[in-house]
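Asker: Mind looking over this structure? Questions follow.
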Amino acid sequence: MPQPLLAQTPTIATPIGTPAGTPIVNTAGLRYDADGTSQSTSSNTVTIIVAERLDVALVRDGQGAIVVSAQPVAIPLTLTNLDNGAESFVLAASVSPGMATLRALVIDTDGDGFYDPAKDVAPVDGKTPLLAPGQSIKLLAILVATPEGGATNAVLTVTARSMTGSGATGNVYPSAGDGGGDAVVGPTGALATVSVPLGTALAGPVLLKSQSVRAADGSQTAVRDAVITYTLEARFTDAVTGARIADPIPVGTVFVPGSLTLDGAPLSDGVDDDAGRFDPSTAQGAGITVALGRVAAGSIHTVQFKAKIQ
Amino acid sequence: MITRPMIAAVLVATAAAASAAAGPLQVSSSILVEARSAAADGTTRVTLVKPTKVTPGDKVIFVLAYRNSGAQPLANVVLDNPLPRQIAYRSANPGSPAPDVSVDGKTYGSLATLRVRSPDGSTRAASPNDVTSVRWRLASPLAAGSQGQFAFQAVLK
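Chains A and B, in that order, are what the protein sequence lines are. Quick note: to get this note's numbering, add 52 to the position in the first sequence (first position is 1). Quick note: to get this note's numbering, add 11 to the position in the second sequence (first position is 1).
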């Protein structure tokens, strides 16, 4: 099923720009006529040195929850130096307490997305080598399931921070830039973070159904003419398209017209523009259908309808 | 040990200043940035200051201040500023006359009149990013002792 792409980190479209330390040199020329002859000369020359803008991006290559097991699993990430100078980045990775344990965070030397212990080594002192402006490297977070770790889902967090400095946009590190100029923290704060949800089983969409009964006398007794409210809660871990919920009306009950809702908003029973409808005669008998269409990752949608006991 | 190179640097700077000041028309070029501060009356005051930390995408203001320091008027004064290649032209600075611009260093005019030739031979309207040089002409002679300035806004590529 086609799935919309999820951006882990806002894409930075800004080009890297003029390298830090570049001198910008300006001289104006001038001409004039004096005593009937044409003269030309030039202005003074003014020079400014381009400062270093500290910026970094870290994105995960892929999306959705990662399944960890006793066998190590590698999660590929891409680190990009968005700095206009050469920069090294301090890397850190951690897993929140739960069913997974971080084995290592390594540089994927050949960038193939697979862990090769002979080549893919942990960065020295937790730092990347100097990366040229715009240069990207691949990282791999190696995880295994924690023995007796239980079923509590965990989250992997990886951060990359500019060696020269990070913090609020506009912070200045005097004379710390390439070429002797200042270094200035750019729009990314010179810090990038990626969070990856971890699980022990592939978590597809889950549909939870519950019901409540209300009889004419106000009790919860399931007697004739008591009304049952059915609640269908659909939980999506990943973004999907074309999602739909269908539920038959239970035998021995009749659908209460006009009772269908999606996330609290009423849906008409007919086949029309809105997402829901009631079908008096499907292959499984009478039933409701709600088309959710495209849903976002991590979203929950709730469908309710009422049926009367006969 | 460090004294000698410093003296050399000072001497070079003096020599440059002397050559620029040789004629009666003196032009001082500067690259500035806008500094915003809150004024006492609640408005925002924009002043031009020397930059300390220009990074790609930042706006810079090029200022050419001119003065006739001689005793005679100067006719047909033209100031010509080829842009450093890391600089993208934007517009005249508010308060300054608009310069004629050029995309080839030969033909000057307003931006709307200029076209850029593509490698396939077709042409398109010029945009500020195509500007390679700006130029101002003084319409009337510059009287002895009088002065003025031109300024344009640009962006560091």
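From the three backbone atoms N, C-alpha and C, an ideal C-beta is built for every residue, glycine too. Since we're looking at a predicted model, the values are computed, not measured.
Do A/T215 and A/S264 have their C-beta atoms closer together than 8 Å?
Answerer: It is Met, not Thr, that sits at residue 215 of chain A in the sequence shown. No, the Cβ-Cβ distance between A/M215 and A/S264 is not below 8 Å.
Asker: Could you tell me the distance, in whole angstroms, from the CA atom of B/A150 to the CA atom of B/P35?
Answerer: Going from the Cα of B/A150 to the Cα of B/P35 covers about 18 Å.
Asker: Which term fits A/F166, buried or exposed, when burial requires 16 or more other beta carbons within 10 angstroms of its beta carbon?
Answerer: Classification of A/F166: exposed, given that the 10 Å Cβ count is below 16.
Asker: How is B/A154 classed by DSSP in three states: helix, strand or coil?
Answerer: Reduced to three states, the DSSP call for B/A154 is coil.
Asker: Return no unless some Cβ of chain A is closer than 8 Å to the Cβ of B/L59.
Answerer: So no, B/L59 is outside the interface.
Asker: Counting only Cβ pairs nearer than 9 Å, list the residues of chain A close to B/P139.
Answerer: None at all; the shortest Cβ gap to chain A is about 16 Å.
Asker: Any residues in the stretch 93-109 of chain B with a beta carbon nearer than 9 Å to a beta carbon of chain A? Which ones, in chain order?
Answerer: From the stretch 93-109 of chain B, only P93, L94, P95, Q97, I98 have a Cβ closer than 9 Å to chain A.
Asker: Are A/L110 and A/V207 close, meaning C-beta to C-beta below 8 Å?
Answerer: Contact: no.
Asker: Taking the alpha carbon of B/S138 as the point to measure from, which residue in B/G116, B/P105, B/Q158, B/A99 has its own alpha carbon closest?
Answerer: Of the listed residues, the one whose Cα sits closest to B/S138 is B/A99.
Asker: Hey, B/V44 and B/V57 are a contact pair by Cβ (cut 8 Å); roughly how many whole angstroms apart?
Answerer: Not confirmed; about 10 Å, so no contact.
Asker: Taking only beta-carbon atoms, is B/D115 less than 8 Å away from chain D?
Answerer: Reference to chain D is not applicable here, since the protein chains of this structure are A and B.
Asker: Who pairs with A/Y282 in a beta bridge, going by DSSP?
Answerer: The partner list for A/Y282 (beta bridge, DSSP) reads A/Q263, A/F357.
Asker: Buried or exposed: where does B/K117 fall if 16 or more other Cβ atoms within 10 Å of its Cβ makes it buried?
Answerer: By the neighbour-count rule (16 or more Cβ atoms within 10 Å), B/K117 is not buried but exposed.
Asker: Given that a residue counts as buried once 16 or more other Cβ atoms are within 10 Å of its Cβ, and exposed if not, what is A/S148?
Answerer: Exposed: under 16 other Cβ atoms inside 10 Å.
Asker: At a Cβ cut of 8 Å, what residues of the stretch 85-96 of chain A count as close to chain B, listed as they run along the chain?
Answerer: Per Cβ criterion, the list reads D85, A86, D87, S90, Q91, T93, S94, S95, N96.
Asker: What do you reckon, are the CB atoms on A/L134 and A/T221 nearer than 8 Å?
Answerer: No, these two residues do not count as a Cβ contact at 8 Å.
Asker: Measuring alpha carbon to alpha carbon, tell me which residue in A/V237, A/V210, A/A317, A/V292 is nearest A/S218.
Answerer: That would be A/V237, whose Cα lies nearest to the Cα of A/S218.
Asker: In three-state terms, what does DSSP make of A/L134?
Answerer: Coil at A/L134, not helix or strand.
Asker: DSSP three-state label for B/F161, please.
Answerer: B/F161: strand per DSSP, three-state reduction.
Asker: According to DSSP, what are the bridge partners of A/V210?
Answerer: A/A145, A/V246.
Asker: Since A/A327 contacts A/A348 with CB under 8 Å, what's their CB separation in whole angstroms?
Answerer: Not a contact, Cβ separation roughly 15 Å.
Asker: Looking at C-alpha atoms only, which residue of A/D177, A/D160, A/V176 is the closest neighbour of A/L192?
Answerer: Ranking the options by Cα distance to A/L192, first place goes to A/D160.
Asker: So the candidates are A/H353, A/T97, A/T281; which of them puts its Cα closest to the Cα of A/P302?
Answerer: Looking at the Cα atoms, A/T281 is the closest of the given residues.
Asker: Which ranges does the beta strand (DSSP E) cover as unbroken runs of at least 3 residues, wholly within the stretch 312-356 of chain A, from first to last along the chain?
Answerer: Whole beta strand (DSSP E) segments, 3+ residues: 328-334, 337-347.
Asker: Per DSSP, what kind of secondary structure is B/D111 in: helix, strand or coil?
Answerer: Looking at B/D111 - three-state DSSP - the assignment turns out to be strand.
Asker: Considering only the beta carbon of each residue, do A/V275 and A/I194 sit closer than 8 Å?
Answerer: Against a cut-off of 8 Å, the Cβ pair of A/I194 and A/V275 comes out as no contact.
Asker: If we ignore side chains and look at the alpha-carbon of each, how far apart do A/S188 and A/G137 end up?
Answerer: A/S188 and A/G137: Cα-Cα distance of roughly 13 Å.
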